[in-house]
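Numbering of the sequence shown is given in the working numbering, commencing with residue 10 and proceeding in unit increments.
A quick write-up on the structure given underneath.
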Amino acid sequence: MTRGRLIFVPLLAGLLSAAAPAAEFRLEPLREAIIDEARACDPAGIAFERTTTAIRRGPGIKNKTVTVERWDGQRWTLVSVNGNAPTAGQLKTFRKATAVTPVPGYHRMAALLAAAADVSVDENGRKVLKIPVLPPGSVHTDKADISSHLSGEAVITTTDGKPWVARLKVRAREDFKLNMMIKVTNFEQVSDYRMGPDGKPRLASQSADSKGQMMGFVGGETNEVIYAYR
Numbered sequence: 010m011t012r013g014r015l016i017f018v019p020l021l022a023g024l025l026s027a028a029a030p031a032a033e034f035r036l037e038p039l040r041e042a043i044i045d046e047a048r049a050c051d052p053a054g055i056a057f058e059r060t061t062t063a064i065r066r067g068p069g070i071k072n073k074t075v076t077v078e079r080w081d082g083q084r085w086t087l088v089s090v091n092g093n094a095p096t097a098g099q100l101k102t103f104r105k106a107t108a109v110t111p112v113p114g115y116h117r118m119a120a121l122l123a124a125a126a127d128v129s130v131d132e133n134g135r136k137v138l139k140i141p142v143l144p145p146g147s148v149h150t151d152k153a154d155i156s157s158h159l160s161g162e163a164v165i166t167t168t169d170g171k172p173w174v175a176r177l178k179v180r181a182r183e184d185f186k187l188n189m190m191i192k193v194t195n196f197e198q199v200s201d202y203r204m205g206p207d208g209k210p211r212l213a214s215q216s217a218d219s220k221g222q223m224m225g226f227v228g229g230e231t232n233e234v235i236y237a238y239r
C-alpha cells in the first residue's frame, strides 16, 4: 500500500506539470508586456523620413514611383515625388491620405496585439503571437480600410528580458473586393522593427505585395518602404 502511494504521487505531479502551460508560453502576460511597451512609444516623440518605392503592374504597364515624406512629430510633409517637388494635385492627395491614416510606428502594436488570440513557437524557437483578424484601421489602401480581410503574426524577440515585436507579417485571409471593379486575390505585408538608441523598438522597413483583377485583367503593386530617423 505504502509503496503504491509513493509511485502514484510523483506520477500525478508529473501529469499536472505537463498539463499546466509554462508562464513564458502563456498568451496574456506576453501580450500585455508588449502592449505596455508599445503604449510608451509616443509618435510625437520621434521624427523620421519615409521613402516609398511603389511599382504598379498591369497589362503592358509598369509604373515606378519614389515618394519621400517627413514626419516631424506633429505633422507630415510631402518632400518629393520621383525627385521633384510635389505638384498641387499630389499635395492634395497626400494631405487627404495622411489625415485619415495613423502615423506608422511601434506604438501601433498596442491596438494590433490587443486582438492577438494565440501564441506559438516557430521553427527557430521564437514566440509568435497570432492575430486572427486585424482591428479596424490597421491597414489602409488609397481608398479603403482592408483590415477586416487580413490576419497577422507578430514574431517576438527578447532584449534584456524584455519581449518586443521584431517582425509583423500580415496577409489576406480571403479574396476580397476593394471596390466595385477591383478584386484582391493576394495581399502580404511585412514590417521589420529594430531597437533604437533610446531602448525602444522602431519601425525600420516595410514591404508589401498585392495582386488583383479588374475587368478580367490581372495586375498588382509592390511597395518597399525605408524609415530614416532624425
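Even glycine gets a Cβ: it sits at the ideal position worked out from N, Cα and C.
Listed in chain order, the non-local C-beta contacts of L122 below 8 Å within the same chain comprise R40, I43, I44, A47, L138, I140, A163 and V174, local neighbours out to five positions each way being set aside. Here A125 is actually not in contact with L212; their C-beta atoms are around 18 Å apart, not less than 8 Å. Relative to T110, the option among T74, I155 and V90 whose CA is nearest is I155.
In the DSSP annotation of this structure, the continuous segment of the alpha helix (DSSP H) that includes E46 starts and ends at L36 to R48. Residue state for P206 is assigned as coil, using DSSP reduced to three classes. With distances taken between CA atoms, M190 lies nearest to K152 out of T74, K152, S200 and K171.
In the displayed model, Q83 falls within coil according to three-state DSSP, outside both helix and strand. Taking L143 as reference, the option from R182, R176 and E132 with the minimal CA-CA separation is R182. Assigned with DSSP and collapsed to three states, R59 falls in strand. For the pair of segments examined, the segment 64-76 was found to touch the segment 89-98: the number of CB pairs separated by less than 8 Å reaches three. In this structure, Q215 keeps its C-beta atom at 7 Å or more from the C-beta atom of K192.
Out of L100, P206, V199 and C50, the CA that lies nearest to the CA of A120 is found in C50.
Per DSSP, the unbroken alpha helix (DSSP H) holding A108 starts and ends at A97 to V109.
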